[in-house]
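A.B. asks:
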Amino acid sequence: MSNLKTIDKEYVANTYARFPVEIVVGKGSLVYDDTGKEYIDMGSGIGVTSFGIADDGWKDAVIEQLGKVQHMSNLYYTEPCAKLAEILCKKTGMKKVFFANSGAEANEGAIKAARKYGAEKKGPGCYTIVTLKNSFHGRTLTTLSATGQEHYHELFQPLTPGFAHFEAGNMEELKALCADGTVAAVLIECVPGEGGVTAMDPAFLKALSASLKENDILLMVDEVQTGNGRTGQMYAYMNYGLQPDVVTTAKGLAGGLPLGAALLGDKVKNVLGYGDHGSTFGGNPVACAAALSVVNRLTDSFLAEVRQKSEYLFSRFTGAPGIESVSGLGLMLGLQTVKPASEVIKACMENGVLVLSAKSRVRLLPALNIPMELLEKAADIILAAAQ
Ligand code: PLP
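Residue numbering for the sequence shown follows the working numbering, starting at 497 and increasing by one per position.
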């Protein structure tokens with residue numbers, strides 16, 4: 497490890513503050529470091545390994561596709577891409593899918609669709625995308641501009657123009673931004689992941705959706721972190737009874753391979769035409785085969801199990817010593833601890849549990865199929881660390 501740490505520090509760009517742990521292998525929700533120490537993985541690669549590490553079904557799907565064709569340009573048809581688009585549309589009621597490789601790129605696709613829709617529908621001045629303060633939408637310059645957190649903006653001026661931000665729940669602030677007719681879309685997260693894991697108020701999202709519909713402004717939901725079963729529904733917006741015009745997804749979609757997607761609803765399904773957008777790797781057959789294996793397993797009964805596990809975690813943590821509050825939805829939880837989150841995370845790691853942070857909270861994003869006995873053991877260790 498010490499040698500690896502030296503090489504990594506010397507040659508990998510300094511953008512990540514890594515914990516002093518090298519993970520070498522794993523199975524399901526257990527991972528092992530280079531000394532053989534075992535950890536329960538309560539972070540799933542920040543919500544990516546939906547069915548855990550090296551899951552057999554996922555691995556078989558990937559290996560089978562690797563033996564057929566690992567990549568083909570978007571000049572030709574490939575089965576996994578078309579089949580994945582079909583099932584995503586059937587499960588959501590959306591109409592078409594643009595495939596990319598990450599959450600940021602999925603959001604870029606959505607933003608381009610919204611700009612073109614606004615210009616075609618209301619004229620060239622209608623291009624503003626409004627997002628929430630404290631949101632997170634990615635690290636490309638445009639998705640950074642969409643992200644409603646100033647500290648991410650400071651070092652990268654000038655940003656992409658055409659973004660404005662409002663406080664969640666403040667419909668008056670939104671109405672003022674929309675008054676001049678220049679807003680093409682509002683992009684939201686139902687549960688801000690990086691922003692602290694606090695689920696949005698249903699009444700606010702209902703009012704938002706109604707107001708946007710009335711004014712022909714697109715509702716776009718960033719499901720990069722909340723999607724693909726994470727909140728106990730296929731997508732988090734389904735918990736709120738919304739019907740968005742655009743949904744973006746990535747992270748857990750392909751269970752550990754890079755894949756992002758912008759799902760386009762009725763209003764925008766034909767907005768992007770030939771040559772308007774593209775990506776060399778977008779819709780890659782191996783990533784799409786992996787995603788098919790994930791999405792096909794997100795059945796109603798499986799999602800009910802996710803909700804049961806969520807209830808278990810909420811009941812274990814709510815009111816427990818050392819825990820001030822519990823927030824989130826499904827298997828996406830934020831724990832406000834009495835001790836600083838960093839101390840709790842360190843103690844968890846020492847005792848064999850990997851957890852994340854989000855702002856001042858400890859964030860939990862376990863694999864959706866984590867066995868109950870591991871969830872119980874992880875909860876014991878987290879609670880002991882928080883005291
Ligand atoms: N949107 C949300 C809500 C996210 O949580 C993230 C990443 O954490 C992104 C977008 C960016 O995704 P990616 O890192 O895959 O570009």
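Ideal Cβ placement from N, Cα and C applies to all residues, glycine included.
This one's a predicted model, so the numbers in the text were calculated from it and none came from an experiment.
For residue 682 and residue 500, what's the separation of their Cα atoms in angstroms?
C.D. replies: 44 Å
A.B. asks: Kindly confirm or deny that the segment 705-720 and the segment 848-861 touch, where touching means at least three C-beta pairs closer than 8 Å.
C.D. replies: no
A.B. asks: The beta strand (DSSP E) with residue 523 in it runs from where to where?
C.D. replies: First-last of the beta strand (DSSP E) with residue 523: 519-523.
A.B. asks: Could you give the distance in angstroms between the alpha-carbon of residue 904 and the alpha-carbon of residue 830?
C.D. replies: Look at the range of the chain in this structure, 497 to 883, and you will see that residue 904 is not part of it.
A.B. asks: Ignoring anything shorter than 4 residues or poking outside the segment 609-692, list the alpha helix (DSSP H) runs there in chain order.
C.D. replies: 637-642, 646-649 and 667-674
A.B. asks: Among the residues of its own chain, which have a CB less than 6 Å from the CB of residue 581, if the five just before and after it don't count?
C.D. replies: 593
A.B. asks: Rounded to whole angstroms, what is the Cα-Cα separation between residue 531 and residue 519?
C.D. replies: 9 Å
A.B. asks: Beta-carbon of residue 736 versus every beta-carbon of chain D: anything under 9 Å?
C.D. replies: Protein chain content of the structure displayed is limited to a single chain, and chain D is not contained in it.
A.B. asks: Is residue 688 a contact residue of the ligand PLP, with contact defined as CB to any heavy atom under 8 Å?
C.D. replies: Checking the Cβ of residue 688 against the ligand PLP gives yes.
A.B. asks: CB residue 584 to CB residue 791, shorter than 9 Å?
C.D. replies: Against a cut-off of 9 Å, the Cβ pair of residue 791 and residue 584 comes out as a contact.
A.B. asks: When the distance is taken between beta carbons, is residue 590 closer than 9 Å to residue 743?
C.D. replies: yes
A.B. asks: State the DSSP-derived secondary structure class of residue 857, mapped to helix, strand or coil.
C.D. replies: strand
A.B. asks: Once the 5 residues before and after residue 605 are set aside, which same chain residues still bring their CB inside 7 Å of it?
C.D. replies: 594, 596, 758 and 773
A.B. asks: Relative to the alpha-carbon of residue 645, which residue among 634, 740 and 630 has its alpha-carbon at the smallest distance?
C.D. replies: 630
A.B. asks: Measuring straight from C-alpha to C-alpha, what distance separates residue 607 and residue 793?
C.D. replies: 30 Å
A.B. asks: Using 10 angstroms around the beta-carbon of residue 780, count the other beta-carbons present and answer buried if the total reaches 16, otherwise exposed.
C.D. replies: buried
A.B. asks: Give me the Cα-Cα distance between residue 534 and residue 540, rounded to the nearest whole angstrom.
C.D. replies: Taking the Cα positions, residue 534 is about 15 Å away from residue 540.
A.B. asks: Can you tell me whether residue 512 is buried or exposed? The criterion is at least 16 other CB atoms within 10 Å of its CB, across all chains shown.
C.D. replies: exposed
A.B. asks: DSSP state of residue 507, grouped into three classes?
C.D. replies: DSSP, reduced to helix, strand and coil, places residue 507 within a helical segment of the structure shown.
A.B. asks: Can you tell me whether residue 845 is helix, strand or coil according to DSSP?
C.D. replies: helix
A.B. asks: Here's the rule I'm using: 16 or more other beta-carbon atoms within 10 Å means buried, otherwise exposed. How should residue 502 be labelled?
C.D. replies: exposed
A.B. asks: Return the chain-ordered list of same chain residues with a C-beta closer than 8 Å to the C-beta of residue 703, the five sequence neighbours on each side being excluded.
C.D. replies: 667
A.B. asks: Residue 534 bridges to which residues according to DSSP?
C.D. replies: 528
A.B. asks: Please classify residue 547 as buried or exposed, where buried requires at least 16 other C-beta atoms within 10 Å of its C-beta.
C.D. replies: buried
A.B. asks: For residue 811, which beta-bridge partners are listed by DSSP?
C.D. replies: Note: residue 811 sits in no beta bridge, so no partner.
A.B. asks: Is residue 891 near the ligand PLP, in the sense that its beta carbon is under 8 Å from a heavy atom of that ligand?
C.D. replies: Past the edges of the chain, shown from 497 to 883, lies residue 891, and the structure says nothing about it.
A.B. asks: Let me know if residue 611 comes out buried or exposed under the rule of 16 or more other beta-carbons within 10 Å of its beta-carbon.
C.D. replies: Burial call: buried.
A.B. asks: Exposed or buried, which one is residue 696 when buried takes at least 16 other CB atoms within 10 Å?
C.D. replies: buried
A.B. asks: Can you have a look at residue 735 and say buried or exposed, based on whether 16 or more other CB atoms are within 10 angstroms of its CB?
C.D. replies: buried
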